[in-house]
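Quick notes on the structure that follows.
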Amino acid sequence: MKILLTTTSFQDTPGAHHALLASSGFTIVPARGPLNEAQMLALIAEQGPFDGFLNGDDQITARVIDAAGDRLKVIAKYGIGLDSIDVAHATQRSIPVLFTPGVNHTTVAEHTIGLMIALVKAFWPHARAVKAGHWTRHTGHKLMGKTLGILGLGRIGREVVKRAQAFGMRCIAYSPHWPEDRQTQFDVIRQATPEAVLADADIVSLHMPLNDTTRGFINARTLAIMKKGAYLINTARGGLIVEADVAAACRSGQLAGYGADVLAEEPIRPGHPFQEIDSILITPHIGSRTFESVERQALCAVTNLIEFLTGGKNYIQANRF
Numbered sequence: 533m534k535i536l537l538t539t540t541s542f543q544d545t546p547g548a549h550h551a552l553l554a555s556s557g558f559t560i561v562p563a564r565g566p567l568n569e570a571q572m573l574a575l576i577a578e579q580g581p582f583d584g585f586l587n588g589d590d591q592i593t594a595r596v597i598d599a600a601g602d603r604l605k606v607i608a609k610y611g612i613g614l615d616s617i618d619v620a621h622a623t624q625r626s627i628p629v630l631f632t633p634g635v636n637h638t639t640v641a642e643h644t645i646g647l648m649i650a651l652v653k654a655f656w657p658h659a660r661a662v663k664a665g666h667w668t669r670h671t672g673h674k675l676m677g678k679t680l681g682i683l684g685l686g687r688i689g690r691e692v693v694k695r696a697q698a699f700g701m702r703c704i705a706y707s708p709h710w711p712e713d714r715q716t717q718f719d720v721i722r723q724a725t726p727e728a729v730l731a732d733a734d735i736v737s738l739h740m741p742l743n744d745t746t747r748g749f750i751n752a753r754t755l756a757i758m759k760k761g762a763y764l765i766n767t768a769r770g771g772l773i774v775e776a777d778v779a780a781a782c783r784s785g786q787l788a789g790y791g792a793d794v795l796a797e798e799p800i801r802p803g804h805p806f807q808e809i810d811s812i813l814i815t816p817h818i819g820s821r822t823f824e825s826v827e828r829q830a831l832c833a834v835t836n837l838i839e840f841l842t843g844g845k846n847y848i849q850a851n852r853f
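If you're matching positions, the sequence shown starts at 533 in my numbering and goes up one per residue.
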């Protein structure tokens, strides 16, 4: 069996996942992702064919899947977001897409809270000024008493609510999936629409999947609904926002700040509009990149891969056919 391994946090972080993958006996071809479609096609042409992909946020498009040919048996995602994979085409080709739900939600929630604190206390401009030899101070805000709006109350959204409540924040949320006991269990106020969350929140945190419905949801129209001077946090997917509109809102003061761990195109391109705006804080997609979380996620991904390719049943499949 020949496997293309592209996720860098898997490769760069020590842990038991390396020994587990080595024990499989598979031939591993490493590459440094995330890879775009052209890079994936080149790798397949030069070093393929492959029996499986152990991938991160690489573009596994229909062209990539077809180029891999009949030998491709499985796509094992290291993570939970499937927006970079053409799952429908994989399903049509009867190729299972495996993923790792429930392994990184606490780590991403902690990162979300970290971005909130960094924004409301202006950590980035303060730190930059001090290192430049200046003692320039801005007056920030506290989280206590603020209203946090959550868009998407899945595993990560719920963990953010728990931590926000420890800071004394009032939590409101919109989610298309809302079990009856959720409001009581998590003490979060349900809103009828996403727009209702935007209008009432001092800080909005995005935890939605990226799909045709949510792509570009935060744009000039929806930003205008938000309170003037509100903050926006995004540890989900860069494609949820229209980046030019968010940049304009930060320049005008409609947004007091934007904190994100994701971009629509990663890594950041030269001349990106976010680079020169002090109220925008971007981290390089590291929300789940902790020693603890990487090992858990990687072990789950490798287990998925090995179990499927050796005829076992202990794997988690996202698509059905």
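Glycine is no exception: its CB is placed at the ideal position from the N, C-alpha and C atoms.
Endpoints, the alpha helix (DSSP H) within which residue i is located
i	result
residue 574	569 to 579
residue 647	637 to 652
residue 855	In the structure as shown, the chain begins at 533 and stops at 853. Residue 855 is therefore absent and cannot be evaluated.
residue 742	From DSSP, residue 742 is part of no alpha helix (DSSP H); its letter is neither H nor E.
residue 582	Looking at the DSSP string, residue 582 is not in any alpha helix (DSSP H), and its letter there is neither H nor E.
residue 540	540 to 544
residue 757	752 to 757
residue 596	594 to 600
residue 552	548 to 555
Reference residue i, options the options, closest by Cα
i	options	result
residue 547	829, 766 and 787	829
residue 609	745, 808 and 585	585
residue 757	775, 781, 747 and 771	781
residue 529	656, 738 and 733	For the chain, the structure presents residues 533 to 853; residue 529 sits outside this window and is missing.
residue 719	692, 743 and 730	692
residue 564	698, 577, 536 and 580	536
residue 786	764, 659 and 605	764
residue 852	629, 814 and 606	629
residue 616	768, 811 and 805	768
residue 708	701, 686 and 721	686
residue 806	711, 815, 817 and 779	779
residue 582	814, 607, 568 and 566	607
residue 674	721, 695 and 699	699
CB contact below 8 Å: residue i versus chain C
i	result
residue 822	No chain C is part of this structure, which consists of one protein chain only.
Supposed close pair residue i, residue j - CB separation, criterion 8 Å
i	j	result
residue 791	residue 648	7 Å
residue 723	residue 705	7 Å
residue 651	residue 789	4 Å
residue 670	residue 654	5 Å
residue 761	residue 794	The Cβ separation is near 23 Å, so there is no contact.
residue 777	residue 751	5 Å
residue 541	residue 821	5 Å
residue 549	residue 831	5 Å
residue 588	residue 639	With a Cβ gap of about 15 Å, residue 588 and residue 639 do not count as contacting.
residue 714	residue 641	Their Cβ separation, rounded to whole angstroms, is 16 Å, which puts residue 714 and residue 641 out of contact at 8 Å.
Residue i - containing beta strand (DSSP E), residue span
i	result
residue 737	735 to 738
residue 561	559 to 562
residue 499	The requested residue 499 is not part of the displayed model; the chain covers only 533 to 853.
residue 730	Per DSSP, residue 730 belongs to no beta strand (DSSP E); it is in the alpha helix (DSSP H), 726 to 732.
residue 535	534 to 537
Open item on the list: My parser needs the alpha helix (DSSP H) runs of 4 or more residues fully inside the region 660 to 717; what are they?
Closed with: 687 to 698
TODO: May I ask you to verify whether the region 840 to 851 touches the region 591 to 601, counting CB pairs closer than 8 Å and requiring at least 3?
DONE: no
- [ ] Pair every Cβ in the region 597 to 608 with every Cβ in the region 572 to 580, then say whether three or more of these pairs are closer than 8 Å.
- [x] yes
Open item on the list: Restricting to runs no shorter than 4 residues, where is the alpha helix (DSSP H) found entirely within the region 761 to 830?
Closed with: 775 to 784
Open item on the list: Would the region 665 to 684 count as touching the region 720 to 739 if we require 3 or more Cβ pairs under 8 Å?
Closed with: yes
Open item on the list: With a threshold of 8 Å, are at least 3 pairs of Cβ atoms found where one atom belongs to the region 610 to 619 and the other to the region 627 to 635?
Closed with: yes
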